[in-house]
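Peer 1: Below: one structure in structure tokens.
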Ligand code: C2E
Ligand code: CA
Ligand code: CA
Ligand code: CA
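Numbering (UniProt numbering), first residue to last: 506 to 780.
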């Protein structure tokens, strides 16, 4: 029994070493990705539920390695956050997104995801201000998406930063609403311009009255607070018509459009209504 314990421990340590080495390798690759231009942006359309009019585009980061491998942001963003690389990467996303959108023929809004680390570690209002000036993007075209994780650590400091950002003229959306532990108190802490209902509720919608009750409750909440609600992850016409019946403001999801490296002409083409 003693021998096997020792073997187990050795195996465990080896596995740990392996994990640490893998992380280090991936962090190194992330650094190279930034230096060597391996990142790109995808855009996913958002539209009015009532009219089908395009209301904006969410910017989603893409990493394709030189060997052709596609790494999901769900996998590399956490590592970028731990290593601090999210700061230069996030700045790159913001600058690139604003620059691209500033050149579009149709002046749609763009929504950029912000990591809680960015809110905590840089003078974000100054950076955003600088990038807006640099790219010439109208502040009203920029929306910043934050999750409640950003609020939890230091609510007072975070709301102060968010207020400074709003003073620039940009708007603030609460992302992944309903997935955390303190969604409601987060809503109370800051006047968000939009609530993005997490897509998990949409996928559960076909599962029965429970999930539809939650969606309806969030929509009622948004209505009574006068905050528009965008439903994420809309994949079927049934989901869309449910949202329309319930008075949801906006929708985003594969049904409306997949994220894509959209170009100027495509945007122009889409400067019509979706339904
Ligand atoms: P998110 O902010 O919740 O972004 C929405 C995710 O849902 C995207 O995944 C999008 O491709 C996916 N999605 C959109 N419509 C549908 C649908 O109808 N069905 C399903 N099943 N999925 C849908 P993606 O692009 O893989 O991004 C994952 C997460 O990575 C994002 O979740 C966000 O948290 C993070 N992320 C992406 N880009 C950035 C970025 O530039 N900065 C930061 N900090 N995080 C980012
Ligand atoms: Ca988002
Ligand atoms: Ca989301
Ligand atoms: Ca999410």
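Beta carbons are placed, not taken as given, at the ideal position from N, Cα and C, and that holds for glycine.
Would you call the stretch 585-603 and the stretch 540-557 touching, i.e. three or more CB-CB distances under 8 Å?
Peer 2: Short answer: they touch.
Peer 1: What number of angstroms, rounded off, separates the C-alpha of residue 748 from the C-alpha of residue 523?
Peer 2: In the chain shown, counting from the first residue as 1, residue 748 sits at position 243. In the chain shown, counting from the first residue as 1, residue 523 sits at position 18. Taking the straight line joining both Cα atoms gives about 47 Å.
Peer 1: Distance check for residue 735 and residue 701, CA to CA, integer angstroms please.
Peer 2: Your numbering for residue 701 matches position 196 in the chain shown. Your numbering for residue 735 matches position 230 in the chain shown. Taking the straight line joining both Cα atoms gives about 5 Å.
Peer 1: Kindly provide the chain-ordered list of residues whose Cβ lies closer than 5 Å to any non-hydrogen atom of ligand 2.
Peer 2: Selection output, chain order preserved: 618, 650 and 680.
Peer 1: Note down the Cα distance separating residue 718 from residue 745, rounded to an integer number of angstroms.
Peer 2: Position 213 of the chain shown, counted from the start, is the residue given in the question as residue 718. Position 240 of the chain shown, counted from the start, is the residue given in the question as residue 745. Those two C-alpha atoms are separated by around 16 Å.
Peer 1: Report yes or no: do the stretch 605-623 and the stretch 643-660 share at least 3 C-beta pairs separated by less than 8 Å?
Peer 2: With the cut-off at 8 Å, the stretch 605-623 and the stretch 643-660 touch.
Peer 1: Give the secondary structure of residue 598 by DSSP, where H, G and I count as helix, E and B as strand, and everything else as coil.
Peer 2: On the chain shown, residue 598 is found 93 positions in, with the first residue counted as 1. Three-state DSSP puts residue 598 in a helix.
Peer 1: Excluding the 5 residues flanking residue 565 on each side, which residues of the same chain have their C-beta closer than 8 Å to its C-beta?
Peer 2: Along the chain shown, one-based indexing puts residue 565 at 60. Taken in chain order, the residues that qualify are 546, 547, 548, 549, 578, 618 and 764.
Peer 1: So which of 685, 687 and 691 has the shortest CA-CA distance to residue 466?
Peer 2: Outside the modelled stretch of the chain, which goes from 506 to 780, sits residue 466, for which no answer is possible.
Peer 1: Look at the Cβ atom of residue 688, then the Cβ atom of residue 695, and state whether they are nearer than 7 Å.
Peer 2: As a working note, residue 688 is residue 183 in the chain shown. As a working note, residue 695 is residue 190 in the chain shown. Result no, Cβ atoms of residue 688 and residue 695 do not sit closer than 7 Å.
Peer 1: Would a C-beta distance cut-off of 7 Å place residue 751 and residue 726 closer than the cut-off?
Peer 2: Translated into the one-based positions of the chain shown, residue 751 becomes position 246. Translated into the one-based positions of the chain shown, residue 726 becomes position 221. No; because the gap between Cβ atoms is not below 7 Å, this pair is not in contact.
Peer 1: Where residue 513 and residue 525 are concerned, what is the direct C-alpha to C-alpha distance, given to the nearest angstrom?
Peer 2: Counting from 1 along the chain shown, the entry for residue 513 is found at position 8. Counting from 1 along the chain shown, the entry for residue 525 is found at position 20. So the alpha carbons of these two residues sit roughly 18 Å apart.
Peer 1: Cβ of residue 670 within 7 Å of Cβ of residue 733?
Peer 2: Taking the first residue of the chain shown as 1, we reach residue 670 at position 165. Taking the first residue of the chain shown as 1, we reach residue 733 at position 228. Taking 7 Å as the Cβ cut-off, residue 670 and residue 733 do not qualify as a contacting pair.
Peer 1: How about residue 561 and residue 779: are their beta carbons less than 7 Å apart?
Peer 2: Your numbering for residue 561 matches position 56 in the chain shown. Your numbering for residue 779 matches position 274 in the chain shown. No, Cβ-Cβ distance for residue 561 and residue 779 is not below 7 Å.
Peer 1: Select from 551, 623 and 570 the residue whose C-alpha is nearest the C-alpha of residue 596.
Peer 2: Position 91 of the chain shown, counted from the first residue, corresponds to residue 596. Nearest of 551, 623 and 570 to residue 596, Cα basis: 623.
Peer 1: Measuring only from the beta carbon, is residue 737 closer than 6 Å to any heavy atom that is part of ligand 3?
Peer 2: Counting from one through the chain shown, the residue named residue 737 turns up at place 232. Residue 737: yes, Cβ under 6 Å from ligand 3.
Peer 1: Work out the CA separation of residue 649 and residue 738 for me, nearest whole Å.
Peer 2: By one-based count along the chain shown, residue 738 stands at place 233. By one-based count along the chain shown, residue 649 stands at place 144. Taking the straight line from one Cα to the other gives about 19 Å.
Peer 1: Count the other C-beta atoms from every protein chain shown that fall within 10 angstroms of the C-beta of residue 521, then say buried if there are 16 or more, exposed otherwise.
Peer 2: As a first step, residue 521 is located in the chain shown; it is residue number 16 there, counting from the start. Per the 10 Å Cβ criterion, exposed.
Peer 1: Using a threshold of 6 Å, is the CB atom of residue 614 nearer than that to any non-hydrogen atom of ligand 3?
Peer 2: Taking the first residue of the chain shown as 1, we reach residue 614 at position 109. No, the beta carbon of residue 614 sits no closer than 6 Å to any heavy atom of ligand 3.
Peer 1: Do residue 638 and residue 675 have their CB atoms nearer than 7 Å?
Peer 2: As a position in the chain shown, residue 638 is number 133, starting the count at 1. As a position in the chain shown, residue 675 is number 170, starting the count at 1. Not closer than 7 Å, so no.
Peer 1: With H, G and I counted as helix, E and B as strand and the rest as coil, what does DSSP make of residue 762?
Peer 2: The residue given as residue 762 occupies position 257 in the chain shown. Coil, per DSSP.
Peer 1: In the stretch 652-729, which residue ranges form an unbroken beta strand (DSSP E) of at least 3 residues, counting only runs that do not cross its ends?
Peer 2: Qualifying beta strand (DSSP E) stretches, in chain order: 676-682 and 699-702.
Peer 1: Rounding to the nearest angstrom, what Cα-Cα distance links residue 633 and residue 573 in this structure?
Peer 2: The residue given as residue 633 occupies position 128 in the chain shown. The residue given as residue 573 occupies position 68 in the chain shown. Each residue's alpha carbon lies about 32 Å from the other.
Peer 1: How would you write the range of the alpha helix (DSSP H) that residue 588 sits in, first residue to last?
Peer 2: Looking up residue 588 in the chain shown gives position 83. Segment 578-588, the alpha helix (DSSP H) holding residue 588.
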